[in-house]
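Protein chains in written order, with the numbering used here: chain G, 298 to 642; chain Z, 298 to 642; chain C, 298 to 642; chain X, 298 to 642.
For every residue, glycine included, the Cβ atom is placed at its ideal position computed from N, Cα and C.
Please read all numbers here as calculations on a predicted model, not as lab measurements.
One structure below.
There are 4 protein chains.
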Amino acid sequence: MQRMRALRKTSPDKAEIQQVPVPEPAADQVLLQVSAAALCGTDLHIYRWNAWARGAGIQLPRIMGHECCGEVVAVGENVFGLAIGDKVAVETHLPCGQCLQCRIGEQHICNNLKLFSIHTDGCFAEYTTVPEICARKIPQEISSRVGAIMEPLGTALRSVLESKVAGATVLVTGCGPIGLFAVASASTLGASRILASDVSAPRLEIAGRMGAHRILDPGREDPVEAVLAETGGYGADVVIEASGSITAIQQAFRCLRKGGRVALVGLPSMPLELEIGKAVVFKEAKIIGIHGRTMFDTWTRMENLLVSGKLDVLPAITHVLPLDRWQEGFDLALSGTACKVVFEP
Amino acid sequence: MQRMRALRKTSPDKAEIQQVPVPEPAADQVLLQVSAAALCGTDLHIYRWNAWARGAGIQLPRIMGHECCGEVVAVGENVFGLAIGDKVAVETHLPCGQCLQCRIGEQHICNNLKLFSIHTDGCFAEYTTVPEICARKIPQEISSRVGAIMEPLGTALRSVLESKVAGATVLVTGCGPIGLFAVASASTLGASRILASDVSAPRLEIAGRMGAHRILDPGREDPVEAVLAETGGYGADVVIEASGSITAIQQAFRCLRKGGRVALVGLPSMPLELEIGKAVVFKEAKIIGIHGRTMFDTWTRMENLLVSGKLDVLPAITHVLPLDRWQEGFDLALSGTACKVVFEP
Amino acid sequence: MQRMRALRKTSPDKAEIQQVPVPEPAADQVLLQVSAAALCGTDLHIYRWNAWARGAGIQLPRIMGHECCGEVVAVGENVFGLAIGDKVAVETHLPCGQCLQCRIGEQHICNNLKLFSIHTDGCFAEYTTVPEICARKIPQEISSRVGAIMEPLGTALRSVLESKVAGATVLVTGCGPIGLFAVASASTLGASRILASDVSAPRLEIAGRMGAHRILDPGREDPVEAVLAETGGYGADVVIEASGSITAIQQAFRCLRKGGRVALVGLPSMPLELEIGKAVVFKEAKIIGIHGRTMFDTWTRMENLLVSGKLDVLPAITHVLPLDRWQEGFDLALSGTACKVVFEP
Amino acid sequence: MQRMRALRKTSPDKAEIQQVPVPEPAADQVLLQVSAAALCGTDLHIYRWNAWARGAGIQLPRIMGHECCGEVVAVGENVFGLAIGDKVAVETHLPCGQCLQCRIGEQHICNNLKLFSIHTDGCFAEYTTVPEICARKIPQEISSRVGAIMEPLGTALRSVLESKVAGATVLVTGCGPIGLFAVASASTLGASRILASDVSAPRLEIAGRMGAHRILDPGREDPVEAVLAETGGYGADVVIEASGSITAIQQAFRCLRKGGRVALVGLPSMPLELEIGKAVVFKEAKIIGIHGRTMFDTWTRMENLLVSGKLDVLPAITHVLPLDRWQEGFDLALSGTACKVVFEP
């Protein structure tokens, strides 16, 4: 039996590179040789084994990592749409295929949704297996590094696609990877003015390079006043909330114009307190929660934009490391120094 | 100068019928002889002069009432679209005509919105004046009593129009007039299953007559369990929230299926506490605040449905009284005995 | 090998009941025992072997019929979502699962679309096989007769779902089965006024029973004048074109109001000649071609409406016959006497 | 009475600069001092007095020209939203304000629509009058030359806004000013691949500079084959038809993928012959006629995009001339040498 290196969370207080068997693809799965895998906030939660991770139903040991790009090296017997040699990016939402949502074109929010690397082993490894439906073939023009971040990019792009940003003023709250990808997507899709807020100066600097016209540090100025001043007192047409901060979300609604649109992507760790009348009803705010990419309309548009060069996400990838230096990558991300960290196994 | 009877809020603790001058229409206004006027929850707030009323910027004395139907008896010099004798219902949102929202087809949420009877004198009187743009001509087939409730009916109808209810399961939380109108509208627009919740048995009984297939008293059964049981565990496709109750809103999100739609119409008196992740993001809930009727697409569809007889709202009008018996109407409404009370001057 | 009776088109000038082997389901197929099957215009084309049929790539002999309801009696080895005993209706669009359209939620217009009974054997037989994805499980409350017409009903319902009919005036041109189903669907979904046109008095009579407020025989009155008179000179908000008649389509555009919506469902046998400026551009007409049901949002809403009793389609089923009397059914349909004919094997 | 120079069509075979009185604004109008005015195909029709012009109900003599930018120099007594000194671009659709369309937010396709310079005197003059509602205040950052072409630019932008071009392949047929503006708009709004066709090499060259990735001369290659080859055999996601050529429109439908969207902007001089089944129904094509800009959502987005610099339309303005050299400008446009010609009075 062939073996491979894999970063496993082995116990609440430990994660390490181990030698494990290369998995075999089930009938409806493909085996991927991982060419690049990106670090996500979720991985940090699991690494630290915080409250969320403890409650997520993760069975240890578990191979970490879910954002990845790889090459198909073996296929299950019922796989007909992919072949050995195909380059793929991984869709991390594993749908059941049978529920109401799966049947009406909403399989990305399957009622029995499983998540890659939470309910299955992940991709911080030399090889990984995914169901055929979650292995998105991508063209060779897309580099492995970019392929590895298509999953979070797709989430950000979708939040923008749902928000009618053409010729509109867009506020992006939170400039982690998702927020930065939202800035880039809004710029590509014709937002006329993009405001980006974060408490980290380096992230704001990257936001400026990715298309933000105005950066806002809520630690240095009042973001509500700033947005109102920038919009003639009306407020932003669109808010993409990618911070998960309760304060930022509350402020975001105050920054929104009457009739504006809000995409909620960030995940707060506490309940939000909101005055529904002022924040939503009188404004007739339109709010949408975004948990993933449509399968696969979002992917198709994303791929087209990447291939055509209209969407450039490289500034957000601040570090590329061999998987053996995973500890360094995790530390960079936890300290807030890094934005997107990509591992190459 | 001609005089008329009018119900005026004269001081924080007093409201009474007084003789006042019949108002003169300004250049862009029409003078209406009121044929019917309906009592709204807002009138009760003003009557009781509660915290909301005290903060709403109402200058006393003020003629109360904003939902009404009447006949044009005089027109200002710049009025070209209405003539003496026209039957009209009143749109209570008075737009400025100059702001961003007014210019992009969202004048019902004008950035400088004035409200009839809050910022101007209202319609619990023999005569009232409104800007031409807020005097919606209606056909004679629509009775004055129905004309008087088109404003709240339009709010309810719009919440349904925005929610794609055709062939869907709709939960209406709160069976006051707006909730009941939402039940009727959802039934007319093809909701396949309508669940209605309220703590008042008489209101639930009316909901059943207006199209609800299943009524729910949260005081007698757990509404979340009931809705999940009725929907095979998925939750409702659509929630129309018309109660303004914090508990009801929190439960509403738990009653919603993944991918479901929520229209927030009710106005809570306290902040809402909500777990955004579970309630909105993972579900990809689509939420819209509804503060009024589009001017005048909603009105046009509503009028067509009323004239054709496809929308029947009479069961919600539980009391019709002469204006002189206003105190009785207010008491009925405050006690929860009445649903919609209509006054005829 | 078990044998069954099946109506086969055996040569250009012949169709007959024959004894043939009961088919075996492939790995991804189910075997259905047909409980009811409905006659469609397409079957008449194949029966008469007209120009369309000759060019459709049909290999003879071929078991005819595509609209059906049945019970699962065997499943292929890769079928996981259906079980023996399930009641199903058949979706007749067989998608490839691999093309662009299949991947972005438009598999009903698959780029490599195969059609049940055109590219495969059909359902005018005791048994038939269909891919699992095309076997839609339906509840027992839906009768087999209604299950057999869900395919054309879904096409009609979708044309209405795409046309925003709530509170609108809808003109349905052509009162064959699809047109009648569109009348019923428009009525259920809240059209405030439905006008239906056809040259057949019996079909118009059924249209009246299914919800049309005004019926129009273009042989007896000018339909354009009539529609304009009924709509205050504006024209209809929506046209559902189900006749396939060139003249009717040309008139339909003249009957449409500025800003109106047109669903084109009927299939003309000749090219349409249209003045694009007047008919489309100046009116800003919104036109959509409808070739099928979304898989499976349309089906889900349809099923809900049928189960709840809000959508009644029985008046359109004018004849139910045993399959052995197929010739009688075909003759009734060809003569225009029948509307929908259902066979029970 | 003050006099001004104006280019008037005085008889079927004559147009000339004449001295005429400066018009006085009516109560709801403003008087503009014209700073720039652009030449449109419609002006050429009127100049040549072709069949369309003869049938358009134009009363001679008539001051020509409708696309313009100017400064408010006087206001009527009922004008409240504009002041002397304001810079404005002219919306050329003059709505009645009273019809169904005007009341439901579709005043740009008013049922009683009047057109500036067809039903009123136009703007190839030193001064012109327009209703306040058609005088769109624009910021000083937008140059007069660009202000003068905002009307056709808005038509092009709207055709793109209605077509969901983000990450899509867009074919623009016809590279006159509207087509070129559509190319630029599609590029700004995130089309991933833009194909542009025309028979004029200079226009194609400009299309390339404005964002087209692939230019097509139907005189040199088969456009259907070329588009299919560029799209892997699927066809384009979107077609913006701006040529008005019957052949181009027929080809456009063959270039469209199943499920694609078509915006029809060009106005053919003859009826179109189309096989509805193949071109529309089987493809489920979504078609929209575009006759103007929404008032004023399109204008607002356009203004934002121009001010932010995200939309650059200057390459399409090939000539700027003093009004006295109007003959030269008309000749350049008629010969196909010029693209957009702007006059400065």
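- C/K306 has its alpha-carbon roughly 7 Å from the corresponding atom of C/E313.
- The Cβ of Z/M447 sits no closer than 9 Å to any Cβ of chain C.
- Counting only the Cα atoms, X/E572 lies some 9 Å from C/E570.
- DSSP places Z/A481 within a helical segment (H, G or I) once states are collapsed to three.
- In this structure, the CA atom of Z/R500 is about 38 Å from the CA atom of C/A613.
- Between the region 555 to 571 of chain X and the region 554 to 563 of chain C, the count of C-beta pairs closer than 8 Å stays below three; the two stretches do not touch.
- Counting C-beta pairs closer than 8 Å gives fewer than three between the region 432 to 452 of chain C and the region 320 to 331 of chain X, which falls short of the contact rule.
- For G/T597, the C-beta contacts it makes with chain X under 8 Å involve G464, in order along the chain.
- Within the same chain, Cβ atoms closer than 6 Å to the Cβ of X/A333 are found at C366, S441, R442, A445, V639 and E641, the five residues on either side in sequence being excluded.
- Within the same chain, L618 come within 8 Å of G/E625 by CB-CB distance, once the 5 residues on both sides are set aside.
- Inside the region 527 to 614 of chain Z, DSSP marks whole beta strand (DSSP E) runs of 3 or more residues at positions 533 to 538, 553 to 561, 569 to 571 and 583 to 586, from first to last along the chain.
- Taken atom to atom, the span from the alpha-carbon of Z/A453 to that of Z/P520 is near 22 Å.
- Counting along the chain, the unbroken alpha helix (DSSP H) around Z/S456 starts and ends at M447 to L458.
- Counting of Cβ neighbours within 10 angstroms places G/G508 among the buried residues, the total reaching 16 or more.
- Listed along chain Z, the residues sitting closer than 8 Å to G/A582 by beta-carbon distance are I584, I585 and G586.
- Taking a C-beta distance under 9 Å as the contact criterion, Z/L391 and Z/V427 qualify as a contact pair.
- Within a 10 Å sphere around the beta-carbon of C/M567 sit fewer than 16 other beta-carbons, which makes this residue exposed.
- Along the length of the region 339 to 412 of chain Z, whole beta strand (DSSP E) runs at least 3 residues long occupy 364 to 372 and 384 to 387, reported in chain order.
- For C/P499, the uninterrupted alpha helix (DSSP H) run begins and ends at A498 to R506, by DSSP.
- For X/K607, the chain G residues whose C-beta falls within less than 7 Å of its own C-beta are G487 and S489, listed in chain order.
- Here the alpha carbons of Z/A465 and C/V610 stand approximately 19 Å from one another.
- Excluding sequence positions up to five before and after X/L328, its CB lies within less than 8 Å of the CB of V319, P320, E321, P322, V369, V370, A371, V372, Y424, T425 and T426, all in the same chain and listed in chain order.
- When CB distances to chain Z are screened at a threshold of 9 Å, the residues of the region 557 to 579 of chain G falling below it are V559, L561, V562, G563, L564, P565, S566, M567, P568, L569, E570, L571, E572, I573, G574, A576, V577, V578 and F579, in chain order.
- Around the beta carbon of C/D310, fewer than 16 other beta carbons lie within 10 angstroms, which makes this residue exposed.
- Under DSSP, Z/E313 shares a beta bridge with Z/R305.
- Interface with chain C (9 Å Cβ-Cβ cutoff): Z/H510 is included.
- What Z/I406 touches in chain G, judged by beta-carbon distance under 9 Å, is K555, G556, F579, K580 and E581, going in chain order.
- A check of alpha carbon separations from Z/R517 across Z/S494, Z/A539 and Z/V536 identifies Z/S494 as the nearest.
- Between the region 589 to 601 of chain X and the region 454 to 464 of chain X, the count of C-beta pairs closer than 8 Å reaches three or more; the two stretches touch.
- In this structure, Z/I415 sits away from Z/I360, with a CB-CB distance that is not shorter than 9 Å.
- Listed along the chain, the chain Z residues whose CB falls inside 8 Å of the CB of C/N601 are G464, A465, T466, S489 and R490.
- Residues of the region 421 to 432 of chain Z that bring their beta carbon within less than 9 Å of a beta carbon in chain G are absent altogether.
- Under the three-state reduction of DSSP output, G/S441 falls in the helix class.
- For C/S632, the uninterrupted alpha helix (DSSP H) segment begins and ends at W623 to S632.
- By alpha-carbon distance to G/S632, the top candidate from G/L357, G/V604, G/S497 and G/Q330 is G/S497.
- For Z/E321, no beta strand (DSSP E) segment is defined, and its DSSP state is neither H nor E.
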